[in-house]
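In this text, residue positions in the sequence shown follow the working numbering: the first is 797, and each later residue adds one.
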Amino acid sequence: MLVSHQLPIWTLRRYVERKRLWHDPRKRQCGLASLTSFHFDGAKVVGIGYSEPAAHLIALSSTARTAKGA
């Protein structure tokens, strides 16, 4: 398990996908409280997963702020 911030996770993902490391930060798939999973078969990465298990909480927070006029 690796816990980190957006840039190191995104850099590792691009490295594993054999993509150039420089990129447009606005196009990262790396939301608040997101999980990026690397799936291994032995030492080889065979897949990458992405999920946002708390996305509904972020949406609720945005809705609450809008309702309060914030």
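Just so it is clear, CB atoms sit at the ideal spot from N, CA and C, and this is done for glycine as well.
Please report how far the alpha carbon of R824 lies from the alpha carbon of D837, in whole angstroms.
As a first step, residue 824 must be located in the sequence shown, where it is residue number 28. As a first step, residue 837 must be located in the sequence shown, where it is residue number 41. In a straight line, the C-alpha of R824 is about 26 angstroms away from that of D837.
With DSSP as the reference, please indicate the residues paired to I844 in a beta bridge.
Mapped onto the sequence shown, residue 844 falls at position 48. Paired residues: F834.
I805, buried or exposed, once every other Cβ within 10 Å from all chains shown has been counted against 16
Locating residue 805 in the sequence shown gives position 9, where the first residue counts as 1. With 16 or more other Cβ atoms within 10 Å, it is buried.
Rounded straight-line distance, which links the Cα of L856 to that of H819:
As a first step, residue 819 must be located in the sequence shown, where it is residue number 23. As a first step, residue 856 must be located in the sequence shown, where it is residue number 60. If I take the Cα positions, the gap works out to 31 angstroms.
In terms of residue numbering, what span does the alpha helix (DSSP H) encompassing P804 cover?
Counting from 1 along the sequence shown, the entry for residue 804 is found at position 8. Q802 to V812 is the extent of the alpha helix (DSSP H) around P804.
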